[in-house]
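These notes are about the structure you will find just below.
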Amino acid sequence: MIGQAPTTRRQAVAKVMWIVVWLIYFAGPVAELFGEHHSVATRVLGATGLGLFVVTYFVVVFRHMWRTQTRAGLYSALAVMLVMSTVLAWFLGPNWLVLFIFTSVASGVVLPWEEARWTIPVATVLLLAVGMRFPEIRGYYLFAYGLPAMGSGYTMVGVQYLIRTTKELRAAREEVARLAANEERLRMARDLHDLLGHSLSLITLKSELAGRMLPGTPEAAAQQVADIERVSRQALVDVREAVTGYRRATLAVELAGARAALRTAGITATVDPALESGPRGLPSDEEGALAWALREAVTNVVRHSGARRCELLLTEEWEADERRYLRLAVLDDGAGPPRAQHDGNGLGGLRERLALADGRLETGPAPGGRGFALRAYVPLGTPAPSAADEPATLP
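In case it helps, the numbering used here puts the sequence shown at residues 444 to 838.
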């Protein structure tokens with residue numbers, strides 16, 4: 444989900460925790476603030492300054508994640524953080540130098556590279572200047588505070604560049620998909636024109652000819668009408684075959700799309716090798732039904748599950764009626780089905796598709812009780828003959 448706003452509560456909590464966890468570095472300043480050598484007034488002022496710094500940090504970072512900020516507002520907030528870092532570290536002790544690291548990180552997050560490459564060294568140099576005031580840390584504060592401030596700031600610059608690149612790639616992928624859809628529409632238009640152009644022209648000509656023949660030679664006009672009916676029926680068959688070919692889905696194509704969708708959503712996909720190689724000898728109708736099942740299942744995982752892992756399985760099973768079935772299973776570790784589950788349009792249409800292929804659909808909790816499982820069955824081959832069905836051998 445890098446570079447994307449959270450779509451579920453768990454994703455939002457994960458993003459917030461990724462930011463909040465770094466507040467552990469404030470343990471040193473807090474512990475030093477409440478030591479015995481500080482007065483009550485100093486503690487109150489220090490706690491107020493630290494609270495202002497933390498609030499400013501979170502406002503800058505979170506607003507940058509979900510909305511656009513003005514350049515003046517960004518620089519004002521960073522200036523407040525830099526001033527608070529300097530004042531608190533100068534008067535309260537060397538443990539407060541860690542505030543400069545947070546200021547450097549905030550600069551790397553919210554500013555473009557052209558500006559952050561200057562603000563990060565400024566924060567680092569100011570940290571070193573303030574740190575020279577404390578003789579007890581001069582031997583190591585460059586490595587304990589200075590280098591982390593510089594490195595963390597530039598690391599966040601790299602992370603922001605990665606986020607921008609990811610957004611651009613997503614936009615490019617959407618544009619490629621849109622262009623591919625437009626190209627497919629144009630191809631369909633060309634094919635339908637080629638299929639219907641000749642037939643409709645012939646129907647038009649024969650209709651005009653039949654109209655001229657009708658008063659004097661009705662038998663010849665009837666022959667032309669019969670030709671019109673034959674041509675129109677053939678044109679209808681051609682159009683149906685073309686549309687069926689366009690809409691036929693395959694497991695190989697849908698598996699590639701499922702991988703891309705799961706990868707984009709940050710969900711780890713585990714694919715059965717049997718599904719990788721694909722079923723052999725499976726009729727097109729049965730394979731199309733399984734391909735639609737795979738598309739619908741992965742779409743539901745990406746949109747509704749909040750899952751981290753998804754498993755795609757393809758197995759053969761014998762049923763009680765001695766029929767062999769091919770089973771496609773899509774399992775996730777997400778939120779699972781609601782208590783009062785009702786099939787939506789997607790699952791309802793999928794049941795109908797599988798029923799047309801003499802198959803069935805099963806949905807419910809994943810094994811272990813967590814997550815959701817979708818299983819699609821289609822018949823594979825013919826029933827195995829039993830011993831009672833075998834013809835008797837004559838002596």
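Even glycine gets a Cβ: it sits at the ideal position worked out from N, Cα and C.
Bear in mind the structure is a predicted one, so any value in this text is a computation, not a measurement.
Inset, instruction - Rounded to whole angstroms, what's the CA-CA distance from Asp776 to Gly721? Just pull it up for me. - result: Take the alpha-carbon of Asp776 and the one of Gly721: they are about 25 Å apart.
Legend entry - Identified DSSP bridge partners for Trp761: Looking at the DSSP output, Trp761 bridges to Arg767.
Inset, instruction - Specify the secondary structure class of Tyr820 as computed by DSSP and reduced to three states. - result: Note: Tyr820 maps to strand in three-state DSSP.
Inset, instruction - Can you give me the Cβ contacts of Thr806 inside the same chain, cut-off strictly under 6 Å, excluding the 5 residues immediately before and after it? - result: Excluding sequence positions up to five before and after Thr806, its CB lies within less than 6 Å of the CB of Leu817, all in the same chain and listed in chain order.
Legend entry - Opening and closing residue of the beta strand (DSSP E) in which Arg452 lies: Run containing Arg452: none in the beta strand (DSSP E); it sits in the alpha helix (DSSP H), Arg452 to Val463.
Inset, instruction - Would you check if the region 734-747 and the region 790-800 touch, i.e. whether three or more CB-CB distances between them fall below 8 Å? - result: Counting C-beta pairs with one atom in each stretch, the region 790-800 and the region 734-747 have three or more that are closer than 8 Å, which means they touch.
Inset, instruction - Check Glu611 in the structure and name its three-state DSSP category. - result: Three-state result, Glu611: helix.
Legend entry - Sub-8 Å separation of Tyr500 and Phe534 beta-carbons: Contact flag unset, no.
Legend entry - Reduced DSSP category for Glu479 - H, G, I as helix; E, B as strand; rest coil: If DSSP states are grouped into helix, strand and coil, Glu479 belongs with coil.
Inset, instruction - Output the distance between the C-alpha atoms of Glu719 and Ala703, rounded to the nearest integer angstrom. - result: Between the C-alpha atoms of Glu719 and Ala703 there is a straight-line separation of about 14 Å.
Legend entry - Local conformation of Ala783 per DSSP, three classes: The predicted position of Ala783 is uncertain, since its pLDDT is 45 and thus under 50; a value taken from the coordinates is nonetheless stated next. When DSSP states are grouped into helix, strand and coil, Ala783 belongs to the coil group.
Inset, instruction - Run the CB neighbour count on Arg676, radius 10 Å, all protein chains shown included, and call it buried at 16 or more, exposed below. - result: Counting every other CB atom within 10 Å of its CB across the protein chains shown gives Arg676 a total below 16, marking it as exposed.
Legend entry - Beta-carbon proximity list for Val548, same chain, < 7 Å, skipping 5 on both sides: Annotation for Val548: Ser595, Gly596 and Met599 place their beta carbon closer than 7 Å to its own, counting only its chain and skipping 5 residues before and after.
Inset, instruction - Using three-state DSSP, classify Thr693 as helix, strand or coil. - result: Shown here, Thr693 sits in coil according to DSSP, grouped into three states, outside any helix or strand.
Legend entry - Test item: CB-CB of Ala522 and Val573 under 8 Å: Contact: no.
Inset, instruction - Output the distance between the C-alpha atoms of Val530 and Leu569, rounded to the nearest integer angstrom. - result: Distance between Val530 and Leu569, taken at the CA atoms: about 11 Å.
Inset, instruction - Tell me whether the beta-carbon of Leu694 lies closer than 8 Å to the beta-carbon of Leu645. - result: Against a cut-off of 8 Å, the Cβ pair of Leu645 and Leu694 comes out as no contact.
Legend entry - Supposed close pair Gly749, Gln512 - CB separation, criterion 8 Å: With a Cβ gap of about 29 Å, Gly749 and Gln512 do not count as contacting.
Legend entry - Arg706 (DSSP reduced to helix, strand or coil): The answer is helix: DSSP assigns Arg706 an H, G or I state.
Inset, instruction - Count the C-beta pairs between the region 546-565 and the region 581-594 that are closer than 8 Å, then say yes if the count reaches three, no if not. - result: The region 546-565 is in contact with the region 581-594.
Inset, instruction - Would you please state the rounded distance, in angstroms, between the beta carbons of Leu705 and Ala699? I believe it to be under 8 Å. - result: The C-beta separation of Leu705 from Ala699 comes to about 11 Å, leaving the pair out of contact by the 8 Å criterion.
Inset, instruction - Buried or exposed for Ile467, please, with buried defined as at least 16 other CB atoms from any protein chain shown within 10 angstroms of its CB. - result: Label assigned to Ile467: exposed.
Legend entry - Rounded C-alpha distance that separates Leu725 from Val821: Looking at the backbone, the Cα of Leu725 and that of Val821 are separated by about 10 Å.
Legend entry - CB contact flag (Glu795, Leu774, <8 Å): With a cutoff of 8 Å on beta-carbon distance, Glu795 and Leu774 are scored as not near each other.
Legend entry - Exposed unless 16 or more other CB atoms sit within 10 angstroms - verdict on Thr491: Burial state of Thr491 is exposed, judged by a 10 Å Cβ sphere holding fewer than 16 other Cβ atoms.
Inset, instruction - Evaluate Phe477 with the Cβ neighbour count: other Cβ atoms within 10 Å of its Cβ, from every protein chain shown; 16 or more gives buried, anything less gives exposed. - result: Here Phe477 is exposed, its C-beta having fewer than 16 other C-beta atoms within 10 Å.
Legend entry - Helix, strand or coil at Phe815 [DSSP, three-state]: Residue state, collapsed to three classes: strand.
Inset, instruction - Given a cut-off of 8 Å, decide if Asp728 and Ala800 are closer than it, judged by their beta-carbon atoms. - result: Asp728 is positioned such that its CB atom lies closer than 8 Å to that of Ala800.
Inset, instruction - Decide if Pro826 is buried, meaning its Cβ has at least 16 other Cβ atoms within 10 Å, or exposed. - result: Unreliable placement is indicated for Pro826, whose pLDDT of 45 sits below 50; the coordinate value is still reported in the next sentence. With fewer than 16 other beta carbons inside 10 angstroms of its own, Pro826 counts as exposed.
Inset, instruction - Locate the beta strand (DSSP E) running through Glu729, then write down its first and last residues. - result: Looking at the DSSP string, Glu729 is not in any beta strand (DSSP E); the run it does join, the alpha helix (DSSP H), is Ser727 to Asn743.
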